[in-house]
Each structure stands twice: as structure tokens, then as C-alpha cells.
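Peer 1:
In mature numbering (1 follows the signal peptide of the UniProt record, and there is no 0), the protein residues as written are -21 to -1, 1 to 404.
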């Protein structure tokens, strides 16, 4: 008998959140192209906020208006919050426009090609026994789909993975108050907004239903693997095992996709292992999740002719859409390869997903302050320098007058930092 693909599919049809310990995240993502591509759904600048990988707000350079993507965001946040958020996005749009040009000149890239600059920042927490624990903070930049610069929160320094980022690293590390400021935002202010948003959206987020589990196999020639697919679960922490005779198959024999988002706000995890169609082993899929009182197990009945193409295709299709959103605006970046002697080179192509949106501003009481207030000021601290050498400080309506400012008022921080550096990316 030939090699087959056995598939475990676990469906949790509705969204749910456990009352047990769990992880949550809040991220803001910005993406900017160096020029307008005049394609539907692709914008020169986009911004979006993600709470547990769900959109909470969105902005693009065409409409130039920050809008809520969750009903509870619209209900909880006051009108001036969205107005100030719109002004903040417009300021960032100009900041990115300047810095994309700076990077292109630094790397000797052609203006005829398409290039993209991205920025992602945010935090992740764990709620154990009702207590909020900071897990991780991220502040990172990428250029043309590759890492450019990131903040090491533990050591409070910037990390430059490529030589072109070294000048920026030296300048930003030279402003110690900027690094302290960034760390304070990631560990404290971002966490405060994350927990506040979770409180705002709890009625929507805490819906749940039990899982629906399926196990089957199909004939396979090109992909000789048994596949376990868990999809539709929320939150994303899950343990999916492919077992033989009740024993989990070792990890080194398993190929996994990692946890990926579906288009409905739930998640998917795919695991695979190679088996033969005449394998006498008893296989099953076993799932444990915080929503369950006991593991869910579904046995494969060795029906190789049973193929759930619609189910697999639909789940994978949904994952592709959102996974690209999470990875960033760049869906495909073909890095330009230059050849000596005037030979032809491959043009750099960056395709931007309509769904890839960026960051949101928020206030604990729905007032005009925003979740990005502090980071907005950090952007100001970076400052920029035009290629012609003139300083350009992007004014931003969100000045970040949070009471938790690590070094006094943001106005003072900004003044001190501007005296020390006129920064470019």
C-alpha cells in the first residue's frame, strides 16, 4: 500500500477566552511604500492596532482617517480620541515618507523600484491567578521585508542586524533617555492599555463553545505525510498531538506550521508526520486547550478515501489571509539582485495586503490621550534628517502626557533629546 496522508481536524466553532491563566498581546504596525502603486486595496501608508491578533483600529493614506474595527472600541472611546488618532496617523505618515527616502539613499536603491519600511511595537502579558505579568516588549523596524533595527528591551539598547542600520543604532543609543523612554512604554504603558482593552472587549471576547473534532486520511503522492490540523480555537495557546497507540509521536518526527490566525479571529495549528498507508498503528489526534475540562481526542478510523478538501481548503485559505496580515504589509518581497557589467537585475517587488493596517491610540477613560502617546513622542525623539541635510521634526498631535513618564513630562524629554540628536532611520 502506498504512502498516505492522514489528517486530524479540530474545529472550535466559536471564539472563547478561558478564565484560566493565558497570554495576551497588543501590537501596533505601520507600513509605508516609497510611492503609490495605484492598485485597489494597496496604499502608500497603512496603520493598524492588533489586540490578540484582532484588528481594533485602522488607517490608510487614502481615507486618512483612523477608524475602529471593533464595536466595543467605537462604544468605549470618545469622538476626540478618534480625531486625535487621525492627526497622529497623519504625522506618522509624513515621518515614514521622509525616512523611506533616507534609507533608499543610504542603500543606493532606485526610486523606480518599490520599497517598504515597516515598524512594529507592542507588548505581551500573562495573566496568572488574576495577576498581570509582563512577558515581552517588541519595538522593531524592517526594510523591504528584512530586519533592519530592533530594541533589546532587557539591555535597553538597539540591535542592528545589517551594516546599513549601524548609523541609526549609534545615534539612538547615544540618546539614553530615548531608550529609557522606549522601555517604559513597552513594560508599563503598553501593558496598561492592553489590560484596559481586554476589559473593554471582554463581553465580546469571552464567548465560547466546545470543540468539534474530526480525524481522517487521504491518499498522498506529493506530500507523504499524516497531517493533524487544529483550527478555530481561541485563545491561541493549545497543545495538539498526533499519537500512535496512545503515545505522542516525538517532536523530531513532526513538522509543524506553528500557530497561525484564521480570518475569523480564531487560530489554526497544523502538524504532520510521514506514515505508510498499510501502517497497522492506531493513530489519533489529541487536543488540550484552556477552554476544555479534559482533552479532546479523535481516533483515525483508517478510511484513506475520506478527504475533506473543502474543510482543509477553507481553513488554510483563511489562515493565509490573516497570517500575511500578521507578518506585515509585505506579502512578497523579491530582493533585487544586481549584476555587474550592466546585466539585467530582478526588480524589487513589494505587495501590500489591504488588511495589513497599523496602530491605534487609546485612553483608559476614552479621553484624548492614546495608547501610542508615549511611543508617538518616541518617534519625535528620533527626529529625521532629509537627504539634503536639513532637520525635519515631525509634529504629532499626541504629545504623550502620561502620568507614568519615566523622566518627567514628555515635553521635557523631547526638548532634552532634540538637543542631543537629530535622528534619521
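Note that CB positions come from ideal geometry on N, CA and C, so glycine has one too.
1) Quick one: Cα of residue 232 to Cα of residue 263, how far?
2) Since residue 104 is in the beta strand (DSSP E), which residue starts that stretch and which ends it?
3) Looking at the structure shown, is residue 137 part of a helix, part of a strand, or coil, going by DSSP?
4) Just the C-alpha distance for residue 117 and residue 18, rounded to the nearest angstrom, thanks.
5) So what does residue 39 bridge to, in DSSP terms?
6) For residue 103, count the other beta carbons within 10 Å of its own beta carbon; 16 or more makes it buried, fewer makes it exposed. Which is it?
7) What number of angstroms, rounded off, separates the C-alpha of residue 14 from the C-alpha of residue 59?
8) Looking at residue 119: is its Cβ nearer than 8 Å to the Cβ of residue 99?
9) Tell me whether residue 16 sits in a helix, a strand or coil according to DSSP, three-state version.
10) Among the residues of its own chain, which have a CB less than 6 Å from the CB of residue 131, if the five just before and after it don't count?
11) Closer than 8 Å by C-beta to residue 237: which residues in its own chain qualify, once you throw out the five before and the five after it? Chain order, please.
12) Starting from the C-beta of residue 216, find all residues in its chain whose C-beta is less than 7 Å away, skip the five residues before and the five after it, and write them out in chain order.
13) Helix, strand or coil: which one does DSSP assign to residue 287?
14) If you count every other CB in all the chains shown that lies within 10 Å of the CB of residue 154, and 16 or more means buried, which is it?
15) Any contact between the stretch 34 to 42 and the stretch 60 to 72? By contact I mean 3 or more CB pairs, one from each, below 8 Å.
16) Helix, strand or coil for residue 375 per DSSP?
17) Do the stretch 84 to 97 and the stretch 48 to 59 touch if we need at least three Cβ pairs shorter than 8 Å?
18) I'd like to check one pair, residue 234 with residue 251: are the Cβ atoms closer than 8 Å?
19) Taking a contact to mean a Cβ-Cβ separation below 8 Å, would you say residue 5 touches residue 23 in this structure?
20) What is the rounded straight-line gap between the Cα of residue 245 and the Cα of residue 62?
21) So the beta strand (DSSP E) residue 157 belongs to, where does it begin and stop?
22) Could you tell me the distance, in whole angstroms, from the CA atom of residue 275 to the CA atom of residue 219?
23) Alpha carbon to alpha carbon, how far is residue 239 from residue 226? Give it in angstroms, no decimals.
24) State the DSSP-derived secondary structure class of residue 6, mapped to helix, strand or coil.
25) For residue 115 versus residue 136, is the C-beta distance shorter than 8 Å?
26) Can you tell me the Cβ-Cβ gap for residue 101 and residue 160, rounded? I've got them flagged as a contact below 8 Å.
27) Could you tell me whether the Cβ atoms of residue 179 and residue 45 are closer together than 8 Å?
28) Which of the three DSSP states, helix, strand or coil, is assigned to residue 231?
29) On a CA-only basis, which of 107, 126, 156 and 163 is nearest residue 144? Give me that one, please.
30) For the beta strand (DSSP E) that contains residue 90, what are its first and last residues?
31) Take residue 31 and list the residues in its own chain whose beta-carbon comes closer than 7 Å to its own, dropping the five residues that flank it on each side.
32) What's the gap between the Cα of residue 273 and the Cα of residue 265?
33) Quick one: residues in its chain with C-beta nearer than 8 Å to the C-beta of residue 65, no 5 flanking neighbours on either side, listed in chain order?
34) What residues match up with residue 57 in a beta bridge as DSSP calls it?
35) Roughly how far, in whole angstroms, is the beta-carbon of residue 170 from the beta-carbon of residue 113, given that I think they are within contact range, below 8 Å?
Peer 2: Per the coordinate set shown:
1) 16 Å
2) 95 to 107
3) strand
4) 31 Å
5) 25
6) buried
7) 31 Å
8) yes
9) coil
10) 138
11) 248
12) 1, 2 and 269
13) Model confidence at residue 287 stands at a pLDDT of 35, short of 50, so the residue's coordinates are unreliable and nothing is read from them.
14) buried
15) yes
16) Annotation note: pLDDT 33 at residue 375 (below 50); position unreliable, no value reported.
17) no
18) yes
19) no
20) 31 Å
21) Careful: residue 157 lies outside any beta strand (DSSP E), inside the alpha helix (DSSP H) at 155 to 163.
22) 10 Å
23) 25 Å
24) strand
25) no
26) At roughly 16 Å, the Cβ-Cβ gap does not stay under 8 Å, so residue 101 and residue 160 are not in contact.
27) no
28) helix
29) 126
30) No beta strand (DSSP E) contains residue 90, which DSSP labels as neither H nor E.
31) 3, 4 and 214
32) 10 Å
33) 38, 43, 44 and 45
34) In the DSSP output, where bridge partners are listed per residue, residue 57 has none listed.
35) 6 Å
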